[in-house]
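**Student:** Residue numbers (our numbering), protein chains in the order written: chain A, 144 to 515; chain B, 3 to 182; chain C, 509 to 1242. Using N, Cα and C, we set each Cβ at its ideal position, and we do this for glycine too. After the structure tokens below, expect a handful of questions from me.
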């Protein structure tokens, strides 16, 4: 196992890379992004979706103890809390870089447009983050009553925020592939999947170095593994029905989006990375609980985490690569989208920052104290 | 109160691109940013084939998706029907680009605002014609005030059988196309 | 020549104002508005986006060119402008302009020099060449013919007959044939026609805005438009019918049309009897050219040929075969016969000098400045042989054979080359061959931007001022479309030169001073202009204000007759001559008869390479314009077109990269797989393939048909035969 110091060094390098990417984007704008008029949303949006959904997923996992009182999850709840905060901040970072004129954001307050899903997304995530931080503060102050109240509020806000994220796509007029009422639920599934996988990975990474915090942690990995299995199955179910309905429903736009994934320009990324890493490998590793080992569960979680990132990317791009059919007629050439180095740098930097600050938090707050 | 609209006879268009560049000059846009475009289609097979070109630009919808999704109300609609963008409120989220079913938005890389056809708002109120209308040798576009029954567009709309682009989306565009 | 008094002019100006076609800023309402925006100045001038010179108003805001709009009166634009017009205006601020005189110091290496140094060195070298090798060794090449008035003075002074234009790459067959057969050139009266047959002529590609407008007006009236072209050109979008034809066989199609008109007695017998000579000779030569015969050659069904002939005859004389332009007239071994057949068809329809048929151009005789002329000097024979005893006796000397110049340089017959507003390296065949021009002792290019010819061959580059930065002398507004009333317009200076550039006259004056010819250029363009408009009863001040003025009609429909009632065309017989005596005298057929194309594609991967104008480019001259090239970018404009069936056979899909190869070159290009093209050919837009590294926008973008085209000379008119080339196409990049 790699030592904490090595991880810190690696994560620092990753953060430097991210900072370079951010600098390039701030300096050169769209020129260093893969986005075009045909594909206005690219990998930065996928990155944002990844972190924003992960945050709510982590919050939901934490709520298993704080709200629902399931003792088994107690050992990782604090970690889930700070990771939720870090993760949503990474998400805000990614979307902040994606925004062309972020300094105008104060108009969200002074000139709100209540019919805009992005306005609600911003508002709900801000409320969610606010209560999340408040919650952590109360835990720190050991104000148990308030912890419960704020935890409840945070869970509701988080669920609203992440489902609204689905709605940002679900109500996009021009993009049939994204449209529909299923999207909010899909985002909740993805959130849970991502949150669980992150907890598995961080547990494996951090727990060994701090036996003091372990508590009854021995029983946790199989439990998380089983949860992960359920979420992977739910994810696979959703994808299967969504895409098969899209293909056989033959609705304009929806059909093209599915075709782009199944046999079009994104097919490799879809079958190998999304289906392979998010569904097939975790299923293979987790299908039989009696065979669970910590290693198996860890690999399943890692695979699904990487896969989910590409699932977000596939989802964002598949809705846009087919040119809009404004005038009926023959299918035109697909739009091109290529994730540029600066965009990759943000992904790497975001993950690096997550690792670095996790280590910092664990070291600073958890090493000496006992479980709450 | 004037209500502006445009009538496009796509059947007259031969795809020369004058409308695009006349507009770029009018608004002093860089070469790669165009507020209007042509959609080319081949119908049929050789030698019985038709080549159709259709000019497309912001439709100045009465129910504009781009306006509904704009988080800060930077996109707004004037009482004369023209949909415009308030640059100082735009946060550059590009949701409007994603939401417009006509692909009418184009990102201005300098200002980072998703721009689009303005129906030459500053000029038409002074009685001028948008240059995409006036420069066209084939007189593809007619622009005017549909509240004024004596305007050319009112008279043509009364006589011609017209259609709109993607009416099923419920956007209620203010650009009409002549049916052929 | 009709004279106009001042009063006539004023009366006309008032009339023009009444129909709202006066310059915008003279309109009352607009005047108020102009006052509101006091910083905007609207200057009338003439466009330079192609050679049609449309009238335009250029808006200048705070001393900077803002935009342009069409001149409401000018015959060619009538208030409209095409993409090129708008784009060209923006080119004034193109960073790739040549900003001051340049001297070559190496391969692709230039050193900025002063005008004085340039004139001194060029003058010394030129006079040395004239002394040693004679005036004959000096050649002046230009697009034609805006520089002729000044080039002629220089050539006369040094004793050179060698004025050469680009026409051999463009339409020499037409200009060779019409004066000999009809004594003048006639143009379609599109607006009043009931049937228009366009063959190899894309009115919506090579654009005169008001020309397209006239065609659509006719269509609104119910006129029929039929387009025959291997490619479904942009004009065909408006056609009632597009008839694809095997490229290079238009002559057979015409001969079969004539066959139907004659055998079915559909032609205008009276017109032919009164106004045509050589009919029998034509018929004897082409008796066997039946529609069935033509079907095999052209791939146009025989019944379709009959149908067209019958419909045209029914609508005659308000029916015509468009008299053409670049499309067929410098393209094939049979281009001259094709142009002759065009005259024959129209004469058989009896549409000449008739409303709705063909009409002559309206023009006024302009005055001339009284100035000293150089003493007459003995000139030898033209170095390119155009119009001289020998193989090119029938080639018009006024046009010349530009594609021979590199060879003549190589042979040591040409020592000094002046190239004005012309880029033969890109617009002439075989660029590597064209580069030989640089081996002359003196090569001077007078361009606006860093074109290929300047970059690769010029020893000196003398940048001309942009068209908005210079004044030119007044011109008659006519050609290609008809108007009964003549118009006069001129190119006004809109803004001061942005860079250290000069007008052509200033350049010639500087050079003349060095070679002792100053006295022959001792005038200003203003003086010239004033003298030219003087006979019209107007002043330049008036023309300056209006930009374009229209005068009472000079064209009266009706066949030109002498006082005795005899046909009086400027041909030997006074009639339309189906048989050209000069051709006969030089061993060619007098009447057109079938000549097959020089080369034909045969194998599965062979195609004839054809080309055409894209509506937003004027061949290559606009290829360094950022705005126009952005249109190319948006619409995959650089792609080669290929018929879908042929593409399928070769396994080529839309957007694939293929290798096109001829004996000369092998180049890669992306392919548009289309239903809009005859299977026998590949179509390339003529705008691309820039290879001057200093013309950065055009550099390395796309390919050009000239890359593949060998140097050839059509024997009668001297054209380059631009589409007599077979290429092979294969998928992939090697």
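When you compare the CB of residue 44(B) with every CB in chain C, is at least one pair closer than 8 Å?
**Tutor:** It does: the Cβ of residue 44(B) has a partner Cβ on chain C nearer than 8 Å.
**Student:** Using the rule of at least 16 other Cβ atoms within 10 Å of the residue's Cβ for burial, across every protein chain shown, is residue 152(A) buried or exposed?
**Tutor:** So residue 152(A) ends up on the exposed side.
**Student:** For the beta strand (DSSP E) that residue 855(C) lies in, which residues bound it at each end?
**Tutor:** No beta strand (DSSP E) contains residue 855(C), which is instead part of the alpha helix (DSSP H) from 843 to 856.
**Student:** Any contact of the stretch 1229 to 1240 of chain C with the stretch 1092 to 1109 of chain C, i.e. 3+ C-beta pairs under 8 Å?
**Tutor:** Yes, they touch.
**Student:** Can you find the residues in the same chain that come closer than 7 Å, C-beta to C-beta, to residue 1074(C), ignoring five residues on each side of it along the sequence?
**Tutor:** Closer than 7 Å at the Cβ level, and outside the excluded window around residue 1074(C), lie 1082.
**Student:** Using a Cβ-Cβ cut-off of less than 7 Å, list which residues of the stretch 464 to 475 of chain A approach chain B; keep chain order.
**Tutor:** Taking 7 Å as the Cβ-Cβ cut-off against chain B, the residues of the stretch 464 to 475 of chain A that qualify are 467, 469, 470, 472 and 473.
**Student:** Helix, strand or coil: which one does DSSP assign to residue 751(C)?
**Tutor:** It is a strand residue.
**Student:** Leaving out the 5 sequence neighbours to the left and right, which residues in its chain are closer than 8 Å to residue 613(C) when beta-carbon positions are compared?
**Tutor:** Only 619 meet the Cβ criterion.
**Student:** Where do the N-terminal and C-terminal ends of the beta strand (DSSP E) with residue 270(A) fall, by residue?
**Tutor:** Taken as a continuous stretch (DSSP letters only), residue 270(A) belongs to no beta strand (DSSP E), being part of the alpha helix (DSSP H) at 260 to 284.
**Student:** From the beta carbon of residue 720(C), is the nearest beta carbon of chain B less than 8 Å away?
**Tutor:** Cβ-Cβ to chain B under 8 Å: yes for residue 720(C).
**Student:** Below 7 Å on C-beta distance, what does residue 34(B) contact in chain C?
**Tutor:** Correct list: 1138.
**Student:** In chain order, what residues of the same chain lie with their CB nearer than 8 Å to the CB of residue 787(C), ignoring the 5 residues before and after it?
**Tutor:** So the list reads 780 and 1086, once near-sequence residues are dropped.
**Student:** To the nearest angstrom, how far is it from the Cα of residue 183(A) to the Cα of residue 100(B)?
**Tutor:** Rounded to whole angstroms, residue 183(A) to residue 100(B) spans 7 Å at the Cα level.
**Student:** Residue 1228(C) and residue 676(C) - do their beta-carbons sit closer together than 8 Å?
**Tutor:** In contact: residue 676(C) and residue 1228(C) (Cβ atoms closer than 8 Å).
**Student:** So, helix, strand or coil for residue 617(C), using DSSP?
**Tutor:** Residue 617(C) falls in the strand class under three-state DSSP.
**Student:** Between which two residues does the alpha helix (DSSP H) carrying residue 374(A) extend?
**Tutor:** Segment 363 to 392, the alpha helix (DSSP H) holding residue 374(A).
**Student:** Keeping to the same chain, check which residues put their C-beta closer than 8 Å to that of residue 371(A); ignore five residues upstream and five downstream.
**Tutor:** Answer for residue 371(A): 336, 339, 340, 343, 425, 429, 440, 443, 444 and 447, listed in chain order.
**Student:** Let me make sure I understand the geometry here. Which of 1094(C), 782(C), 666(C) and 1186(C) has the alpha-carbon closest to that of residue 897(C)?
**Tutor:** The candidate whose alpha carbon is nearest that of residue 897(C) is 1094(C).
**Student:** Along the chain, where does the alpha helix (DSSP H) that runs through residue 783(C) open and close?
**Tutor:** Per DSSP, residue 783(C) belongs to the alpha helix (DSSP H) from 777 to 783.
**Student:** Use the C-beta contact count for residue 146(B): other C-beta atoms within 10 angstroms, 16 or more gives buried, fewer gives exposed.
**Tutor:** By the neighbour-count rule (16 or more Cβ atoms within 10 Å), residue 146(B) is buried.
**Student:** Quick one: list the residues of chain B neighbouring residue 558(C), beta-carbon separation under 8 Å, in chain order.
**Tutor:** None at all; the shortest Cβ gap to chain B is about 12 Å.
**Student:** With respect to the beta strand (DSSP E) encompassing residue 767(C), which residues constitute its N-terminal and C-terminal limits?
**Tutor:** Run containing residue 767(C): none in the beta strand (DSSP E); it sits in the alpha helix (DSSP H), 758 to 771.
**Student:** In three-state terms, what does DSSP make of residue 696(C)?
**Tutor:** If DSSP states are grouped into helix, strand and coil, residue 696(C) belongs with the strands.
**Student:** Please report whether the beta-carbon of residue 37(B) lies at a distance below 8 Å from any beta-carbon of chain C.
**Tutor:** Residue 37(B) does not count as touching chain C.
**Student:** Name, in chain order, the residues that DSSP records as bridge partners for residue 562(C).
**Tutor:** For residue 562(C), which the question treats as bridged, DSSP gives no partner whatsoever.
**Student:** Can you name, in chain order, every residue of its own chain whose Cβ lies under 6 Å from the Cβ of residue 1214(C), other than the five neighbours on each side?
**Tutor:** The residues are 937.
**Student:** Would you check if there are 3 or more beta carbon pairs closer than 8 Å linking the stretch 1051 to 1063 of chain C to the stretch 586 to 603 of chain C?
**Tutor:** Judged by Cβ distances under 8 Å, the stretch 1051 to 1063 of chain C makes no contact with the stretch 586 to 603 of chain C, as fewer than three pairs qualify.
**Student:** Identify which residue in 301(A), 222(A) and 261(A) has its Cα closest to the Cα of residue 279(A).
**Tutor:** The option with the nearest alpha carbon to residue 279(A) is 222(A).
**Student:** Below 8 Å, can you find three or more Cβ-Cβ pairs linking the stretch 696 to 703 of chain C to the stretch 918 to 929 of chain C?
**Tutor:** They do not touch, by the three-pair rule.
**Student:** Going by alpha carbons, who is nearest to residue 1115(C) out of 1226(C), 1142(C) and 1237(C)?
**Tutor:** Closest option to residue 1115(C), Cα to Cα, is 1237(C).
**Student:** Which residue or residues does DSSP assign as beta-bridge partners of residue 1180(C)?
**Tutor:** DSSP lists 1149(C) as partners of residue 1180(C).
**Student:** For the candidate residues 768(C), 1218(C) and 558(C), whose alpha-carbon lies nearest to that of residue 911(C)?
**Tutor:** The residue with the shortest Cα to Cα distance from residue 911(C) is 1218(C).
**Student:** Distance check for residue 849(C) and residue 757(C), CA to CA, integer angstroms please.
**Tutor:** So the two alpha carbons sit approximately 12 Å from each other.
**Student:** Taking residue 1157(C) as the reference, give the member of 1239(C), 964(C) and 839(C) with the closest Cα.
**Tutor:** Among 1239(C), 964(C) and 839(C), the Cα nearest to that of residue 1157(C) belongs to 1239(C).
**Student:** Is there a C-beta anywhere in chain B that falls below 8 Å from the one on residue 833(C)?
**Tutor:** Output row for residue 833(C): interface = no.
**Student:** Going by DSSP, what residue range makes up the beta strand (DSSP E) through residue 1192(C)?
**Tutor:** Element bounds for residue 1192(C): 1189 to 1193.
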